[in-house]
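Trainee:
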Amino acid sequence: MPLRERVAEIEHESALQAWQRCQRVQRGTVWQPQWLADAFRHVGRADGVHIGDTVLLYGKSGSGKSYLLQQIVADAGGDRRNDPEDEKDGALILMLDRPWTNMRLRACDHALTPKTRGDVLALIHGLDAWLHAHPHTSLVLVDGEAELKMDLVAKLVQLQREWPFALFYTFAAAAAGHASEVPLPYDLRIDCYRQDTTRGNLAVRLLSKQGTLSNPVEMVHPR
């Protein structure tokens, strides 16, 4: 490719990325818990997670990823529960290996639990139609491990170009400090590395796409 065309392509990509960032800010913040305020500022995200962002919750089994996802649903839905029948800002929760317990969902929130590889494949192919039928969905959360999970995540990342939602998904590290060989898309990564199930405490740190790492932060009795 001639140099002039390559420069023009880079400028176009940069302009498109800047426009997308502006669009995400205009579409609003979906998650900005007070206990993570300093960590968000440290990684250049003082206004939290926006519509259009992809957030990876990373850590070994038992580190609190699912627990944090449930807190995200609760935090993002706090203001919405004033009107439980409000059709705006719904959440789609995809639980790939086991259902959550004690969930409190509104009429416009949906929880799906595909049980087989075929179920996940059908879900991947049906997501676009599902979002057409539920255009006010502002949160999509993927929890658990299953075959084709990363194909599902890739499809959701692709659909974020058309639909205004924030995506949160978990990924289980094989062991502490073990990096995944699978490319994991994210705008923000939350490393979960300690959970005290008896007290409801959770320790995390944030990592930006640019590589900025926050100090460890502990969540104590969030509710």
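4 is the number of the first residue of the sequence shown in the working numbering; add one for each residue after it.
For glycine and all other residues, C-beta sits at the position ideal for the given N, C-alpha and C.
Every value quoted in this text rests on a predicted model; they were computed, and no experiment measured them.
Tell me the start and end of each unbroken alpha helix (DSSP H) in the segment 35 to 89 that is at least 4 residues and wholly inside, in chain order.
Mentor: Listed in chain order, the complete alpha helix (DSSP H) runs (minimum 4 residues) inside the segment 35 to 89 are 40 to 45, 68 to 79.
Trainee: Where does Asp2 fall in DSSP's three states?
Mentor: Residue 2 lies beyond the stretch modelled for the chain, which goes from 4 to 226, so this question has no answer here.
Trainee: Taking the continuous alpha helix (DSSP H) assigned at Met153, which residues delimit it?
Mentor: Unbroken alpha helix (DSSP H) run through Met153: 152 to 162.
Trainee: If you draw a straight line from the C-alpha of Gly62 to the C-alpha of Lys68, how long is it?
Mentor: Rounded to whole angstroms, Gly62 to Lys68 spans 7 Å at the Cα level.
Trainee: Straight-line CA distance for Tyr189 to Ala169?
Mentor: Roughly 11 Å separates the two Cα atoms.
Trainee: Just to check my reading of the structure: Pro117 and Leu126 have Cβ atoms closer than 8 Å, yes? What is that Cβ distance to the nearest angstrom?
Mentor: Between Leu126 and Pro117 the Cβ distance is about 5 Å, and since that is below 8 Å, they are a contact.
Trainee: Which residues bound the beta strand (DSSP E) around Asn204?
Mentor: From DSSP, the beta strand (DSSP E) with Asn204 extends over 204 to 211.
Trainee: Return the chain-ordered list of same chain residues with a C-beta closer than 7 Å to the C-beta of Arg101, the five sequence neighbours on each side being excluded.
Mentor: So the list reads Gly147, once near-sequence residues are dropped.
Trainee: From the DSSP output, in three-state form, read off Leu144 for me.
Mentor: It is a strand residue.
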